[in-house]
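Asker:
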Amino acid sequence: MKKILSLFAASIIMFSAAAQSEKYVKAMEANLAKFDTVKTTAGLIDLSNAFARIGDAEKDQWLPYYYAALTLSTAGWSDQSLDKDANAEKIKAFCAKAEAINDNAEICAVRNMAATQQMLVDPQARWQTYGPEVASAMEKGLKLDPDNPRLHFLQASGVFNTPEQFGGGKDKAKPMLEKTLELFNAENPKPLYPHWGKKQVEDMLASYK
Amino acid sequence: MKPLCYIFILLIIGYYGNAQTKISGTIKDNKNKPVPSASIVLKDTYDGATSDSSGIFSFTTAEKGKLTLTVTAVGYRPAEQIIDITGNDITINIAVKEEVSELKAVIISAGSFEAGDKKRVTVLNSIDVATTAGANADITGALKTLPGAQQVGESEGLFVRGGTAAETKTFIDGTLVNNFFYSSVPGIAQRGRFSPFLFKGTVFSTGGYSALYGQALSSALILESIDLPEQGSSNIGVSVLSLNAGHQHLAKNKKSSWGISYSYANLWLAFKAIKQRQNYSRVPEYHEGDANFRIKTSETGIIKYYGYFSANRLGIITPSIDTAGYYDAFNIKNFNMYHNLSYRESLGNGWKLTTGISYSTNKDNIEGQLQDGAEKEVNIPPLAYKNFELESPGQYFNAKTVIDKRLMGISVIRFGGEYNYSNDKYHYTLYNGQKFSSSIVENLKAVFAETDIYITNDLAAKIGGRFEHSSLLNKSNIAPRVSLAYKTGKQSQASLAYGIFYQNPEKKYLPSPDVLTFSKATHYIAQYQKVTSKTTFRSEVFYKKYNDLIKTDMINAAQQVAANNNGYGDAKGLEIFWRDKKTFKNIDYWVSYSYLDTKRDYTNFPYAIQPNFAAKHTASLVMKKFVTKWKTGFNMSYTYASGRPYYNIMYDGSNYKFTDMGKAKDYNNVSFSLNYLPGLFKKDSKTFTVLVLTVNNIFGINQLYGYNYSYDGSRKTPILPPSRTFIFLGAFISFGIDRTEDAINSNL
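Protein sequences, first through last, are from chains C and F.
Remember, this note's numbering sits 508 above the position in the first sequence when you count from 1.
Remember, this note's numbering sits 1 above the position in the second sequence when you count from 1.
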């Protein structure tokens with residue numbers, strides 16, 4: 509009887525643990541689904557807060573903090589009236605929380621974008637401060653994961669958007685984009701893991717035709 | 002079967018336990034204004050919400066019992082409240098307190114132009130200095146395009162708001178620099194000794210500056226040297242004036258670096274090509290070298306050393322105004338050495354230490370002669386004083402320590418001490434071989450304390466005081482300084498500043514047989530500024546009162562010596578600055594205008610007059626455009642100053658009197674420069690070349706600075722620039738460093 513009871517107790521614990529994880533996955537999935545549709549800054553901030561709440565409650569998952577940062581980074585690209593410094597500080601704070609759990613290349617990509625957004629406020633005055641930050645995030649990310657497609661995408665789109673006379677240009681970006689697409693095709697992301705970027709690369713490559 | 006039963010019951014309980022409770026409310030700040038975008042979290046759950054633009058939030062939760070509701074919002078301190086969820090809907094209003102942060106807070110800015118790579122309020126950086134047409138890559142040349150500084154072309158220095166050049170002091174990494182400019186040459190303004198690229202930050206204060214600095218009645222130029230370079234590099238430069246080479250080495254771990262450079266300048270070629278008004282018996286020639294090392298002692302600590310030496314000489318012969326057919330010869334040899342060692346470190350717990358020492362020596366050998374046509378020295382009785390030799394070696398030691406302690410929020414208290422030692426010797430040899438020697442030794446000790454208090458993000462105050470004791474004067478002073486800043490809008494702010502400033506009598510009027518005290522200036526400044534990411538607007542009004550200025554007596558028929566502190570004066574004015582990188586595509590321009598109304602009675606002035614170094618109206622327009630297709634930057638500047646007064650003051654044996662006065666015509670100057678970067682965008686190239694062409698006074702406008710008078714006042718000759726137009730051409734090449742990124746980023 510004792511055996512049965514302890515087995516029973518164990519199964520209850522396992523059951524609740526599974527439920528916990530299921531709750532996490534469900535909540536993450538629901539938020540990620542929203543991520544694809546939310547367009548406004550207010551909506552993105554709301555979503556970022558929702559991810560952060562999951563992160564705060566779970567404590568050992570880096571993905572919620574990663575997405576809390578990524579949503580704000582999306583707002584940083586789309587909303588020109590946003591205070592880029594305050595937004596970037598929030599992004600970096602989430603990145604730091606994610607890194608404390610699992611330091612990886614995906615977070616470096618977000619840090620790279622945050623510093624880029626701060627630099628673009630006034631490139632001439634700010635490149636000395638943020639240029640090295642942009643570069644070191646990229647450097648660290650490629651060290652951790654040399655074939656990370658999102659880092660390659662950020663590199664290629666940098667060249668794509670830099671005028672030809674500045675050493676960039678579409679021609680120069682083309683082989684980089686093609687390589688990036690290969691990396692995306694080879695990628696097999698785990699559930700909930702980041703997979704953004706592929707569509708942008710395809711759109712950019714389509715612009716050559 | 003029993004266990005299944007239990008599970009079933011558990012599930013049922015779980016199901017009923019899932020009843021949802023609605024929690025809603027409003028987030029407001031302490032001024033009762035709604036706080037949007039705040040994150041409301043039921044701690045350790047997934048449940049929560051974000052407040053909308055009216056501060057309203059609402060969410061549902063299945064949790065039960067006592068839980069903590071936390072509120073976080075950017076710019077506010079986090080708030081927590083415990084709520085008891087029993088199943089009934091909860092309405093709760095939570096107040097958050099504003100957090101004072103550097104990003105949002107007002108900046109205490111009255112009286113100062115801050116330039117550098119800081120996040121905000123960047124007025125000029127080192128590239129701006131190098132690319133300001135007419136400034137010739139000289140720091141003070143570029144600062145003269147900002148409001149407050151005069152366009153004085155006949156002597157070096159920054160003449161700020163009715164003050165003399167001696168009333169501006171320069172500090173590198175906190176410590177005083179004693180011979181910032183090359184030694185004076187009559188009628189020709191000299192450059193600053195230091196390259197703009199040595200500095201990452203520049204604060205040009207035109208008044209009301211911090212209690213950390215003293216001994217400057219008008220202005221402080223505060224320079225902060227660069228830290229470790231990003232990459233090692235070597236460079237060489239070739240120009241019509243000079244040759245130079247240098248090397249910077251960065252350790253592999255990027256924790257330390259060292260560098261050396263050497264340059265040789267000879268103006269023979271330039272003077273051959275461009276006729277100079279002065280006739281050079283010895284063409285200016287300069288040997289200069291410098292060395293540096295920088296060591297990161299920890300994440301936050303750094304030791305920096307910079308050392309410099311310069312040996313230079315020149316000789317000028319001009320037709321003597323005093324006696325027809327004769328010539329005035331002036332020869333100068335200068336040796337200067339400067340060492341600066343500084344250390345800064347965060348001591349933890351909000352404490353920060355910044356300390357530095359500097360040691361320098363300077364020696365001028367000046368020879369004056371009245372010569373006949375064959376360059377032979379002649380002695381003509383009333384003009385015998387023109388034949389002399391002066392050897393003036395000086396030694397200077399400066400030390401300063403500042404300790405910062407961070408208080409609540411971003412408020413800071415700062416205190417420390419400063420010690421300035423100087424020993425200036427003068428050995429004078431008269432035409433008849435008679436020798437006079439004098440020595441002026443000063444030990445100036447100062448202690449200071451100041452605090453930056455941020456009452457809210459919108460209101461801040463800087464309150465400080467400085468105590469100084471001079472061993473030379475055997476006197477002490479206490480100087481209070483106060484500034485206030487109030488944020489009037491998201492990007493605009495208004496500031497007020499008040500301060501008392503003391504300064505020793507200038508050494509050229511010493512030693513004096515009389516008892517002297519400090520000269521004193523009191524500043525009152527009101528400022529309004531609006532700064533957006535691409536534009537800066539700043540306007541300032543000021544009133545400056547001078548007391549205890551030095552009055553001089555004549556001794557030995559030619560030498561002015563300080564007699565008393567009975568001089569006085571005042572200056573008032575209005576200044577406007579506008580910089581805009583937005584309105585015209587790819588064009589960056591700034592405009593400054595200064596109105597100055599000043600009078601003073603000092604040195605030998607018979608009574609209070611508008612001094613000859615002060616123009617009523619001064620204006621500058623500086624434009625820069627980089628054409629990426631041509632890989633070329635085009636820079637233009639226009640400066641204007643209304644005519645300055647000129648005077649001839651003579652001593653009649655008992656009093657000084659005006660024998661002539663007038664007003665020079667207005668000053669106009671248009672300069673142009675061009676930087677061509679042929680290697681730009683050749684990614685991965687190992688060399689980076691910059692070709693520079695500058696043309697000063699491109700239209701050859703006649704410029705008149707004032708007049709020189711003969712000893713008896715009967716004749717005058719105009720003081721004119723050394724040449725009407727000056728052209729400079731140079732090539733500067735760096736190796737082992739790809740600066741394309743820099744060029745892209747600084748021109749995007």
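From the three backbone atoms N, C-alpha and C, an ideal C-beta is built for every residue, glycine too.
1. Identify the continuous beta strand (DSSP E) that holds Asp373/F and give its terminal residues.
2. Classify Trp352/F as helix, strand or coil using the three-state DSSP reduction.
3. In terms of residue numbering, what span does the alpha helix (DSSP H) encompassing Lys552/C cover?
4. What did DSSP end up calling Gly15/F once you bin it into helix, strand or coil?
5. For His340/F, tell me which candidate among Trp352/F, Ala50/F, Phe310/F has the shortest Cα-Cα distance.
6. State buried or exposed for Lys34/F, treating a residue as buried only when at least 16 other CB atoms are found within 10 Å of its CB.
7. With distances taken Cα to Cα, identify the nearest neighbour of Lys426/F among Glu419/F, Phe58/F, Asn388/F, Lys364/F.
8. Taking the CB atoms as reference points, tell me whether Thr457/F and Val101/F lie closer together than 8 Å.
9. For the alpha helix (DSSP H) that contains Leu689/C, what are its first and last residues?
10. Enumerate, from N- to C-terminal direction, the unbroken beta strand (DSSP E) stretches of 3 or more residues contained entirely within the stretch 151 to 221 of chain F.
11. Taking 6 Å as the limit between beta carbons, can you name the residues of its chain near Ala136/F, skipping five residues before and five after?
12. In this structure, how does DSSP classify Val36/F when only helix, strand and coil are distinguished?
13. With C-beta atoms as the reference, is Ser484/F less than 8 Å away from Ser493/F?
14. Could you give the distance in angstroms between the alpha-carbon of Ala525/C and the alpha-carbon of Arg561/C?
15. Just the C-alpha distance for His428/F and Gln561/F, rounded to the nearest angstrom, thanks.
16. What did DSSP end up calling Ala615/F once you bin it into helix, strand or coil?
17. Give me, in chain order, the residues of the same chain whose beta-carbon lies closer than 6 Å to that of Leu244/F; leave out the 5 immediate sequence neighbours on both sides.
18. Which runs of the beta strand (DSSP E) fall wholly inside the stretch 477 to 564 of chain F and span at least 3 residues, in chain order?
19. If you count every other CB in all the chains shown that lies within 10 Å of the CB of Ile702/F, and 16 or more means buried, which is it?
20. Look at the alpha carbon of Lys698/C and the alpha carbon of Leu571/C, and state the distance between them as a whole number of angstroms.
21. Are the beta-carbon atoms of Asn709/F and Ile699/F separated by less than 8 Å?
22. Give the interface partners of Ser534/F over in chain C, defined as CB-CB distance under 8 Å, in chain order.
23. Run the CB neighbour count on Ala541/C, radius 10 Å, all protein chains shown included, and call it buried at 16 or more, exposed below.
24. Which class does Asn254/F belong to by DSSP, given the choice of helix, strand or coil?
25. Nearest chain C C-beta to Lys120/F closer than 8 Å, yes or no?
26. Find the residues of chain F that neighbour Ala565/C, judging by a C-beta separation of less than 7 Å, and give them in chain order.
27. Go to Thr73/F, then tell me how far its beta strand (DSSP E) extends in each direction, as first and last residue.
28. What residues are listed by DSSP as bridge partners for Asp453/F?
29. Give the residues of chain F in contact with Asp554/C, contact being defined as C-beta atoms less than 7 Å apart.
30. Can you tell me which residues form a DSSP beta bridge with Asn754/F?
31. Near Thr670/C, what residues of its chain come up, given a Cβ to Cβ distance below 6 Å and the 5 sequence neighbours on each side ignored?
32. Using a beta-carbon distance below 8 Å, is Glu231/F in contact with chain C?
33. According to DSSP, is Gly135/F helix, strand or coil?
34. Between the beta-carbon of Asn179/F and the beta-carbon of Ser423/F, is there less than 8 Å?
35. Asp174/F and Ser343/F look like a contact to me (Cβ under 8 Å); what is the Cβ gap, rounded to whole Å?
36. Helix, strand or coil: which one does DSSP assign to Ala609/F?
Answerer: In short, the structure shows the following:
1. Counting from one through the second sequence, the residue named residue 373/F turns up at place 372. Element bounds for Asp373/F: n/a, residue is neither H nor E.
2. The residue given as residue 352/F occupies position 351 in the second sequence. It is a strand residue.
3. By 1-based counting over the first sequence, the position of residue 552/C is 44. For the record, residue 552/C in the displayed sequence is Leu; it is not Lys. Note, Leu552/C: alpha helix (DSSP H), 549 to 566.
4. Residue numbering aside, residue 15/F sits at position 14 when the second sequence is read from its first letter. Residue confidence for Gly15/F is low, a pLDDT of 44 falling below 50, so the modelled location carries little weight; the figure read from the coordinates is stated next. It is helical.
5. One-based indexing of the second sequence puts residue 340/F at position 339. The shortest C-alpha separation from His340/F is found at Phe310/F.
6. Here residue 34/F corresponds to residue number 33 of the second sequence, with the count starting at 1. Result: exposed.
7. Position 425 of the second sequence, counted from the start, is the residue given in the question as residue 426/F. The shortest C-alpha separation from Lys426/F is found at Lys364/F.
8. Counting from 1 along the second sequence, the entry for residue 457/F is found at position 456. Counting from 1 along the second sequence, the entry for residue 101/F is found at position 100. Yes, Cβ-Cβ distance for Thr457/F and Val101/F is below 8 Å.
9. Reading the first sequence from its first residue, position 181 is the one you call residue 689/C. Start and end: 678 to 694.
10. 169 to 173, 176 to 178, 200 to 206
11. Position 135 of the second sequence, counting from 1, holds the residue named residue 136/F. Result list for Ala136/F: Gly142, Ala143, in chain order.
12. By 1-based counting over the second sequence, the position of residue 36/F is 35. DSSP places Val36/F in coil when its eight states are reduced to three.
13. For the purposes of this step, residue 484/F is taken as residue 483 along the second sequence, with counting starting at 1. For the purposes of this step, residue 493/F is taken as residue 492 along the second sequence, with counting starting at 1. The answer is no: Cβ separation not under 8 Å.
14. Indexing the first sequence from 1 puts residue 525/C at position 17. Indexing the first sequence from 1 puts residue 561/C at position 53. Residue placement at Ala525/C is poorly supported in this model, since its pLDDT is 48, which falls under 50; the coordinates still yield a value, given next. Going from the Cα of Ala525/C to the Cα of Arg561/C covers about 19 Å.
15. In the second sequence, counting from the first residue as 1, residue 428/F sits at position 427. In the second sequence, counting from the first residue as 1, residue 561/F sits at position 560. One C-alpha to the other measures close to 17 Å.
16. Here the question's residue 615/F lines up with position 614 in the second sequence. Coil at Ala615/F, not helix or strand.
17. The residue labelled residue 244/F in the question sits at position 243 within the second sequence. So the list reads Tyr265, once near-sequence residues are dropped.
18. 493 to 504, 520 to 532, 536 to 556
19. Taking the second sequence and counting its residues from 1, the one referred to as residue 702/F is at position 701. Burial call: exposed.
20. Your numbering for residue 698/C matches position 190 in the first sequence. Your numbering for residue 571/C matches position 63 in the first sequence. Going from the Cα of Lys698/C to the Cα of Leu571/C covers about 12 Å.
21. Counting from one through the second sequence, the residue named residue 709/F turns up at place 708. Counting from one through the second sequence, the residue named residue 699/F turns up at place 698. Taking 8 Å as the Cβ cut-off, Asn709/F and Ile699/F do not qualify as a contacting pair.
22. Within the second sequence, the letter at position 533 stands for residue 534/F. Within 8 Å Cβ-Cβ: Val629, Asp630.
23. Numbered from 1 along the first sequence, position 33 holds the residue referred to as residue 541/C. So Ala541/C counts as exposed.
24. Locating residue 254/F in the second sequence gives position 253, where the first residue counts as 1. Here Asn254/F sits in coil by DSSP.
25. Within the second sequence, residue 120/F is the residue found at index 119, counting from 1. Bear in mind that a pLDDT of 40 at Lys120/F, under 50, signals an unreliable position, so the number given afterwards is only what the model happens to contain. Yes, Lys120/F lies at the interface with chain C (some Cβ there is under 8 Å from its Cβ).
26. Counting from one through the first sequence, the residue named residue 565/C turns up at place 57. Here the neighbours are Asp45, Thr46, Tyr47.
27. Here residue 73/F corresponds to residue number 72 of the second sequence, with the count starting at 1. Where Thr73/F is concerned, the enclosing beta strand (DSSP E) stretches over 66 to 73.
28. For this step, residue 453/F is matched to residue 452 along the second sequence. According to DSSP, which records beta bridges pairwise, Asp453/F is partnered with Val413/F, Lys463/F.
29. Taking the first residue of the first sequence as 1, we reach residue 554/C at position 46. Those are Thr51, listed as they occur along chain F.
30. The shown model of chain F, from 2 to 749, leaves out residue 754/F, and the question about it has no answer.
31. The residue given as residue 670/C occupies position 162 in the first sequence. Once the five neighbours on either side are set aside, the close Cβ partners of Thr670/C are Gly676.
32. Along the second sequence, read from residue 1 onward, the residue named residue 231/F stands at position 230. Closer than 8 Å: yes.
33. Residue mapping note: residue 135/F aligns to position 134 of the second sequence, counting from 1. Here Gly135/F sits in coil by DSSP.
34. What you label residue 179/F is simply residue 178 of the second sequence in a count that begins at 1. What you label residue 423/F is simply residue 422 of the second sequence in a count that begins at 1. Their beta carbons are under 8 Å apart, which means Asn179/F touches Ser423/F by this criterion.
35. Indexing the second sequence from 1 puts residue 174/F at position 173. Indexing the second sequence from 1 puts residue 343/F at position 342. Between Ser343/F and Asp174/F the Cβ distance is about 4 Å, and since that is below 8 Å, they are a contact.
36. Taking the second sequence and counting its residues from 1, the one referred to as residue 609/F is at position 608. In the structure shown, Ala609/F sits in coil (DSSP, three-state: anything other than H, G, I, E or B).
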